């Protein structure tokens, strides 16, 4: 089961007002914790999508390369190359 961590975040001024406008009766979230969890989830999804897009771009370049540009490698050579 996942572990719950309590964190304290201090914000003021315009950021505090912005958070307050998104929480409560007139906001999209019932409380600040719900709002922060949603922000973190969205940021995690964005980071994962960026990593996936980089992988897709790398694979697209690899598959578009001419056949003669490929060379045979052993598993050990691939591992060594990726550690560098």
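Numbering (our numbering), first residue to last: 58 to 141.
Glycine included, every Cβ here is placed at the ideal spot set by N, Cα and C.
Since the model is a prediction, treat every value here as computed from it, not as a measurement.
- Annotation for residue 85: 79 place their beta carbon closer than 7 angstroms to its own, counting only its chain and skipping 5 residues before and after.
- Listed as beta-bridge partners of residue 80 by DSSP are 86.
- Linking residue 75 to residue 107 through their CA atoms gives a straight-line distance of about 27 angstroms.
- Assignment of residue 97 by DSSP, reduced to helix, strand and coil, places it in the helix class.
- When secondary structure is reduced to three states using DSSP, residue 116 falls in the helix class.
- Cβ-Cβ distances below 6 angstroms link residue 127 to nothing in the same chain once the five nearest sequence neighbours on each side are left out.
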